[in-house]
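All residue numbers in the sequence shown are consecutive under numbering that gives the first Met the number 0, ending with 339.
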Amino acid sequence: MLELSETISVDEIAVDLPSRIHEVTAGPVARAPDRIALVEDLASWSYRELEQRVGEIATVLSSLGIRAGDRMIIVKRLLEYKSVSGMEQLSRGPLRLIAVAGAPLDLNLKLRVEKEFGLPLLNGYGITECSPGISGVRFDRPRSDQAVGTLLPGVEARVRTIEGFPTVSGEVGELHVRGRNVMLGYYRAPELTAKVIDSEGWFNTGDLARFDGDCLYIVGRTKEMIIRSGFNVYPAEVEAVLSSHKDVVQSAVVGRAADGNEEIVAFVQLLPGSCTTPETLMHFVRPQLTSYKRPSEIVILDALPATSTGKILKHKLAESLREGGAVPAVQTPEFRRQHI
Numbered sequence: 000m001l002e003l004s005e006t007i008s009v010d011e012i013a014v015d016l017p018s019r020i021h022e023v024t025a026g027p028v029a030r031a032p033d034r035i036a037l038v039e040d041l042a043s044w045s046y047r048e049l050e051q052r053v054g055e056i057a058t059v060l061s062s063l064g065i066r067a068g069d070r071m072i073i074v075k076r077l078l079e080y081k082s083v084s085g086m087e088q089l090s091r092g093p094l095r096l097i098a099v100a101g102a103p104l105d106l107n108l109k110l111r112v113e114k115e116f117g118l119p120l121l122n123g124y125g126i127t128e129c130s131p132g133i134s135g136v137r138f139d140r141p142r143s144d145q146a147v148g149t150l151l152p153g154v155e156a157r158v159r160t161i162e163g164f165p166t167v168s169g170e171v172g173e174l175h176v177r178g179r180n181v182m183l184g185y186y187r188a189p190e191l192t193a194k195v196i197d198s199e200g201w202f203n204t205g206d207l208a209r210f211d212g213d214c215l216y217i218v219g220r221t222k223e224m225i226i227r228s229g230f231n232v233y234p235a236e237v238e239a240v241l242s243s244h245k246d247v248v249q250s251a252v253v254g255r256a257a258d259g260n261e262e263i264v265a266f267v268q269l270l271p272g273s274c275t276t277p278e279t280l281m282h283f284v285r286p287q288l289t290s291y292k293r294p295s296e297i298v299i300l301d302a303l304p305a306t307s308t309g310k311i312l313k314h315k316l317a318e319s320l321r322e323g324g325a326v327p328a329v330q331t332p333e334f335r336r337q338h339i
C-alpha cells in the first residue's frame with residue numbers, strides 16, 4: 000500500500016522557485032553594467048541595456064495582469080496525487096495562470112485540470128531550434144480544444160506534404176517555420192543543417208500540423224506516424240482515448256513492424272493499486288477508435304520512461320519492441336512531501 004504524505008498545496012510547491020526575471024540580471028548590472036551581455040546580428044546589448052529591456056517587458060506583462068512575483072509551476076502529477084490520496088479538491092492558492100507545452104495535449108487532461116483549478120489551461124508549441132517558441136494560446140482568449148494557438152509575432156509558418164508540396168487549407172502536413180527565432184544551424188553539422196533549413200530560411204520542424212484559420216494544431220511527429228494497412232495513424236489520437244480512462248495516468252503509442260505492415264502498440268501507466276487489465280482497456284477503446292487505429296497490444300508498466308521534465312521517451316519503448324519485448328527499467332516515482 001502506498002504511504003501518502005499529508006495534504007500538499009500549490010503554495011508548498013512554489014515556495015523555493017525564483018520569483019522575478021530581474022534576479023537573472025541584477026547581479027551583473029551591479030558589478031559591470033556596461034559589459035556586453037548579448038550579441039545578435041552585429042548588434043550588442045550591455046547588462047544595463049538588457050535590464051532596461053527586461054523592465055519594459057515587465058511593464059507590458061503588468062498591463063496584461065501578470066504581476067511581479069508570479070511563478071510558473073508544474074502541476075501535471077497533482078491530479079494523480081489527488082486520485083491516490085482520496086482528496087476531494089486541490090487547493091489553488093495564488094495560482095493564476097496554467098500553461099502546457101512539450102507534448103500533445105490530452106483533451107481529457109485539459110478538462111480535468113480546468114475543472115480542478117477553475118482556470119483555463121493554455122496550450123503552447125515550440126521547438127529547441129526555434130528558441131523555442133512558435134505559437135501559443137493567449138490567456139485573454141482561452142480555447143476549449145487542443146489548439147496550440149496563433150503564431151508568435153515575427154514567426155511565419157507553412158504546411159507542406161512530406162514530399163515538399165503545398166497542402167490544401169486545413170490539410171495535415173509537415174510544419175515549416177521561418178523567422179529570427181530560427182537557429183542558424185546545428186553546431187559543426189552543415190549537412191544536417193541543410194536537411195532541415197532550405198535556401199529561403201524555412202525550417203522543417205518534423206511535426207505534423209494543420210491550420211484552422213490562423214489557429215495552429217499539432218497532430219504528431221512525422222517520424223512517429225504509423226502507417227497501418229495504408230492508413231495514417233497519429234499516436235496522439237490513440238493516446239488521447241486511452242488516457243481518458245479513469246485509471247490511466249499516461250500512455251504512449253508506438254509502431255511495430257509486422258510482415259510489411261505496422262502494428263500499433265500502446266504502453267500505459269495506471270494509477271497505483273488499479274486492477275485495470277489490458278483486456279479492459281481494449282474493450283474501452285474499441286467503440287472509440289476505428290479498426291485500423293486500435294492497438295494490437297497494450298502493455299501496462301509501473302511507469303513510462305521519461306526525461307526530467309516528464310516528456311515520455313518513446314524511442315526507448317520502440318527499442319524495447321525491436322529487442323524482443325524487453326521493457327526498459329524505470330524507477331517508479333513516489334509521492335512524498337518535498338520542495339521543488
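Where is the CB? At the ideal position from N, CA and C, for every residue including glycine. Remember, predicted model here, so these are calculated numbers, not experimental data.
Alpha-carbon spacing of residue i relative to residue j, whole angstroms
i	j	result
Ala305	Ser319	14 Å
Tyr216	Thr204	13 Å
Gly163	Val195	12 Å
Lys245	Thr275	10 Å
Leu49	Leu37	8 Å
Ser228	Ala239	22 Å
Lys114	Gly219	26 Å
Ile311	Glu128	20 Å
Arg91	Leu191	46 Å
Ala31	Arg52	17 Å
Pro93	Arg142	22 Å
Ile263	Tyr46	52 Å
Ser295	Glu223	17 Å
Ile35	Trp44	6 Å
Thr221	Gly153	25 Å
Leu183	His175	15 Å
Residue i - DSSP class collapsed to helix/strand/coil
i	result
Ala90	The sequence shown places Ser at residue 90, not Ala. Correct three-state label for Ser90: coil.
Gly54	helix
Cys214	strand
Pro27	helix
Val38	strand
Gln249	strand
Val171	coil
Ala235	helix
Thr221	helix
Arg209	strand
Glu43	Before going further, note that residue 43 is Ser rather than Glu in the sequence given. Residue state, collapsed to three classes: strand.
Met71	Confidence in Met71 is poor, its pLDDT being 49 and thus under 50, which makes the residue's placement too unreliable to answer from.
Val240	helix
Glu199	coil
Ala256	strand
Residues of its chain near residue i, where Cβ-Cβ distance is below 7 Å and the 5 sequence neighbours each way are ignored
i	result
Gly125	Ala100, Pro131, Gly132, Ile133
Arg321	none
Arg177	Glu155, Gly200, Trp201, Phe202
Ser242	Asp105, Asn107, Leu108, Gln249, Ser250
Cys214	Ala146, Gly148, Thr149
Asn231	Met224
Lys313	Glu223, Ala251, Val253
Enclosing alpha helix (DSSP H) for residue i [first to last residue]
i	result
Ala314	Just to set this straight, residue 314 is His in the shown sequence, not Ala. Where His314 is concerned, the enclosing alpha helix (DSSP H) stretches over 313-321.
Phe116	106-116
Glu79	77-84
Val284	277-284
Pro189	189-195
Beta-bridge pairing of residue i - partner residues as DSSP gives them
i	result
Phe138	BP columns for Phe138 are empty, so no partner.
Val298	Phe266
Thr149	Gly135
Pro165	Arg159
Arg179	Paired residue(s): none; Arg179 is not in a bridge.
Ala102	BP columns for Ala102 are empty, so no partner.
Arg227	Phe230
Glu261	Ala256
Cut-off 6 Å between Cβ atoms - residues of its own chain near residue i, not counting five sequence neighbours on either side
i	result
Gly172	Val158, Arg159, Thr160, Thr166
Met71	Confidence at Met71 is low in this model, with a pLDDT of 49, below 50, so the placement of that residue is unreliable and no value is reported for it.
Val298	Phe266
Lys81	Leu89
Lys109	Leu120
Glu87	none
Val181	Cys129, Phe202
Spatial neighbours of residue i in its chain, beta-carbon cut-off 8 Å, leaving aside the 5 residues before and after
i	result
Gly123	Ala98, Val99, Ala100, Gly132, Ser134, Gly135, Val136, Val147, Gly148
Met169	According to the sequence provided, residue 169 is Gly. The question's Met does not apply to it. If we look at Gly169 and ignore the five residues flanking it on each side, its Cβ neighbours are Arg209, Phe210, Asp211.
Gln268	Val247, Val248, Gln249, Ser250, Ile299, Leu300, Asp301, Ala302, Leu303
Start-to-end residues for the beta strand (DSSP E) that takes in residue i
i	result
Leu120	120-125
Val99	97-99
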